[in-house]
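The structure appears below as structure tokens.
Chains as they are written, first to last, in the working numbering: chain R, 256 to 513; chain A, 63 to 366.
This is the structure in structure tokens:
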């Protein structure tokens with residue numbers, strides 16, 4: 256299921272604004288890669304280029320290549336909708352569909368893509384909720400609205416919804432920043448479990464979280480306001496946090512930054 | 063105020079920073095409160111008095127006959143007679159109007175918010191929708207009269223009336239739907255896109271259902287508005303005292319034109335019928351509003 260992502264020479268723009276500049280990296284399958292860096296350095300923008308969500312914003316476009324197991328996501332023949340089916344995403348704020356029940360939220364991706372058959376949907380919903388460590392908490396109230404869950408449960412519901420369509424890659428944009436420490440722990444446990452099956456990329460502002468959950472860490476930085484964000488370095492998490500190549504990385508991690 | 067100075071401060075005495083609100087503030091508070099209540103009462107006076115008058119005058123003829131008979135062969139002086147033909151006419155005309163106007167209006171709003179946002183075409187459409195909102199209703203009637211009846215050559219019919227009402231209904235529904243669609247958080251659209259759901263499905267199954275309660279309210283307000291229109295109908299459905307259930311052929315009655323017709327007659331029996339017609343019209347609109355509330359509650363997003 257998991258696929259390797261290879262990015263080369265990637266630039267992203269919002270209208271006339273150059274948001275990220277010349278990023279190249281390889282993201283290994285069945286591992287967790289964390290993106291860290293100051294606000295506005297383009298981590299989230301870069302993450303969104305990996306499933307072509309960047310171009311959803313009017314005026315936004317991308318140059319460069321993103322290969323998903325040798326297939327270029329930005330080739331002209333590729334349908335962005337198909338890309339998003341194989342590269343799922345979890346957002347910063349839990350965003351279950353407010354009109355749908357817990358069950359329908361998880362089944363949404365399948366139903367809206369035309370999967371029918373009650374028993375098959377039942378199976379996938381249970382599997383996904385179990386995969387998201389949420390099944391035991393909600394199995395008796397699948398018909399209740401998804402928006403009635405707590406924040407942490409909602410976020411796990413969103414993860415269940417994302418994995419229900421069986422993507423190859425799971426992108427997470429600060430998935431714990433709106434959650435309390437207990438819910439954060441639940442999500443981190445879940446990430447550790449999911450990495451056996453998926454390629455996971457996580458953006459986080461929490462350095463300890465990056466150190467705890469990720470195998471590799473990428474540090475992004477920005478030269479100044481209005482300048483595009485850049486990838487400073489990417490390496491094994493243990494190396495980035497103990498002995499980074501670049502001074503700026505060390506400064507950021509140790510809190511000496513700006 | 064910093065923490066140390068707070069710790070050193072003496073316990074709050076009367077007149078200190080932490081004391082009771084000043085007399086001046088209390089008076090201002092009272093005065094503004096009084097003004098708000100007064101404004102509310104003033105706004106209620108016309109509303110209550112209209113209802114009071116309509117109910118008071120309309121009750122005398124609110125009998126089964128009124129709902130069972132038309133005015134066919136009933137003269138102005140005669141007692142009896144009813145608005146059956148007018149009720150049928152109004153319901154049919156408004157139903158046709160809704161069926162034509164709501165899809166056009168909702169799709170226009172979807173284009174304006176979801177597809178065209180900020181484009182030249184969208185801004186142009188938006189401008190003309192605003193212009194349409196301000197069209198006097200008689201102009202809509204004249205337009206249909208000139209185009210549909212005189213130029214194309216169709217006769218008076220309920221459908222022609224519905225066309226005129228459609229012109230009046232579209233802009234209000236577009237505006238209401240547009241506002242409701244804008245309120246749908248973009249998070250939800252992104253969540254749907256990220257699942258690999260195409261845009262049109264996202265709009266149909268995520269965006270529109272989330273906006274549905276508000277859209278329904280907007281539609282109901284528009285229905286209530288066009289149901290009371292008289293001028294455009296006089297020019298398009300004409301007047302008849304007989305039952306005509308076919309909205310596509312021949313003059314049809316409607317409650318507003320029934321009221322207009324009956325109220326113009328000097329006989330007390332006719333005037334009574336006009337009052338009851340007004341009461342029934344208000345009743346129908348209230349029923350529709352109630353139904354829309356119930357439907358909207360049924361679809362209300364939970365939580366948040």
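Think of the CB as a built atom: it goes at the ideal place given N, C-alpha and C, for glycine as much as any other residue.
Our contact map puts residue i next to residue j with C-beta atoms below 8 Å; I'd like the distance itself, whole angstroms only.
i: residue 464 of chain R; j: residue 443 of chain R; result: 7 Å
i: residue 504 of chain R; j: residue 495 of chain R; result: 6 Å
i: residue 152 of chain A; j: residue 316 of chain A; result: 4 Å
i: residue 133 of chain A; j: residue 303 of chain A; result: 4 Å
i: residue 345 of chain R; j: residue 417 of chain R; result: 5 Å
i: residue 251 of chain A; j: residue 269 of chain A; result: 6 Å
i: residue 411 of chain R; j: residue 387 of chain R; result: 5 Å
List the DSSP bridge partners of residue i.
i: residue 484 of chain R; result: R/275, R/477
i: residue 269 of chain R; result: R/272, R/315
i: residue 428 of chain R; result: R/458
i: residue 290 of chain R; result: R/458, R/473
i: residue 320 of chain R; result: R/263
i: residue 44 of chain A; result: Residue 44 of chain A falls outside the range modelled here, since chain A spans only 63 to 366, and no answer is possible.
i: residue 281 of chain R; result: R/261
i: residue 491 of chain R; result: R/471
i: residue 356 of chain R; result: R/400
i: residue 343 of chain R; result: R/425
i: residue 327 of chain R; result: R/322
Express the C-alpha separation of residue j and residue i in angstroms, rounding to a whole number.
i: residue 269 of chain R; j: residue 297 of chain R; result: 11 Å
i: residue 393 of chain R; j: residue 431 of chain R; result: 20 Å
i: residue 415 of chain R; j: residue 455 of chain R; result: 14 Å
i: residue 95 of chain A; j: residue 87 of chain A; result: 12 Å
i: residue 120 of chain A; j: residue 353 of chain R; result: 45 Å
i: residue 315 of chain R; j: residue 284 of chain R; result: 28 Å
i: residue 445 of chain R; j: residue 425 of chain R; result: 12 Å
i: residue 364 of chain R; j: residue 254 of chain A; result: 7 Å
i: residue 276 of chain R; j: residue 287 of chain R; result: 23 Å
i: residue 489 of chain R; j: residue 282 of chain R; result: 10 Å
i: residue 68 of chain A; j: residue 85 of chain A; result: Low local confidence applies: a pLDDT of 48 at residue 68 of chain A is under 50, so the model's placement there is unreliable, and no value is given.
i: residue 482 of chain R; j: residue 272 of chain R; result: 9 Å
i: residue 274 of chain R; j: residue 233 of chain A; result: 40 Å
i: residue 160 of chain A; j: residue 175 of chain A; result: 22 Å
i: residue 262 of chain A; j: residue 357 of chain R; result: 23 Å
i: residue 462 of chain R; j: residue 427 of chain R; result: 15 Å
i: residue 64 of chain A; j: residue 308 of chain R; result: Caution is warranted here: a pLDDT of 44 is assigned to residue 64 of chain A, below 50, making its placement in the model unreliable, and the coordinate value is therefore given only provisionally. Rounded to the nearest angstrom, the two C-alpha atoms are 46 Å apart.
i: residue 350 of chain A; j: residue 359 of chain A; result: 14 Å
i: residue 302 of chain R; j: residue 377 of chain R; result: 31 Å
i: residue 372 of chain R; j: residue 112 of chain A; result: 56 Å
i: residue 330 of chain A; j: residue 241 of chain A; result: 47 Å
i: residue 167 of chain A; j: residue 183 of chain A; result: 16 Å
i: residue 91 of chain A; j: residue 108 of chain A; result: 27 Å
i: residue 413 of chain R; j: residue 360 of chain R; result: 8 Å
i: residue 199 of chain A; j: residue 123 of chain A; result: 30 Å
i: residue 340 of chain R; j: residue 306 of chain R; result: 9 Å
i: residue 306 of chain A; j: residue 186 of chain A; result: 41 Å
i: residue 97 of chain A; j: residue 104 of chain A; result: 10 Å
Show which residues of chain A have a CB atom less than 9 Å away from the CB atom of residue i.
i: residue 411 of chain R; result: Result: empty, since nearest Cβ-Cβ is about 14 Å, beyond 9 Å.
i: residue 368 of chain R; result: 257, 258, 259, 260, 263
i: residue 336 of chain R; result: 255, 258, 259, 260, 261
Can you pull the chain A neighbours of residue i, defined as C-beta to C-beta under 8 Å?
i: residue 364 of chain R; result: 257, 258, 259
i: residue 388 of chain R; result: Chain A residues near residue 388 of chain R: none, gap ~20 Å exceeds 8 Å.
i: residue 371 of chain R; result: Chain A residues near residue 371 of chain R: none, gap ~14 Å exceeds 8 Å.
i: residue 416 of chain R; result: 253, 257
Can you pull the chain A neighbours of residue i, defined as C-beta to C-beta under 7 Å?
i: residue 436 of chain R; result: Under the 7 Å cutoff, chain A gives no residues; its nearest Cβ is about 23 Å from residue 436 of chain R.
i: residue 420 of chain R; result: 257, 258
i: residue 499 of chain R; result: Within chain A, no residue comes near residue 499 of chain R; the closest Cβ sits about 32 Å away, beyond 7 Å.
i: residue 311 of chain R; result: 252, 255
What does residue i touch in chain R if you count any residue whose Cβ is under 7 Å from its own?
i: residue 240 of chain A; result: Within 7 Å Cβ-Cβ: nothing; residue 240 of chain A doesn't reach chain R, min ~17 Å.
i: residue 250 of chain A; result: 350, 352
Near-chain A residues of the stretch 297 to 308 of chain R - C-beta to any C-beta below 8 Å: Within the stretch 297 to 308 of chain R, 306, 308 place their CB atoms closer than 8 Å to a CB of chain A, listed in sequence order.
Interfacial residues, the stretch 338 to 358 of chain R to chain A, with Cβ spacing under 7 Å: With the criterion set as a beta carbon lying under 7 Å from some beta carbon of chain A, the members of the stretch 338 to 358 of chain R are 339, 340, 343, 344, 346, 348, 350, 352, 353, 354, in sequence order.
Residues of the stretch 265 to 276 of chain A with Cβ closer than 7 Å to any Cβ of chain R, in chain order: Here the close residues are 267, 268, 271, 272.
Cβ-based contacts, 8 Å cut-off: residues of the stretch 163 to 189 of chain A near chain R: So the list reads 179, 180, given in the order they occur along the chain.
Short-range partners of chain R found in the stretch 275 to 289 of chain A, where Cβ spacing is below 8 Å: Only those residues of the stretch 275 to 289 of chain A whose C-beta falls short of 8 Å from the nearest C-beta of chain R would be listed, and there are none.
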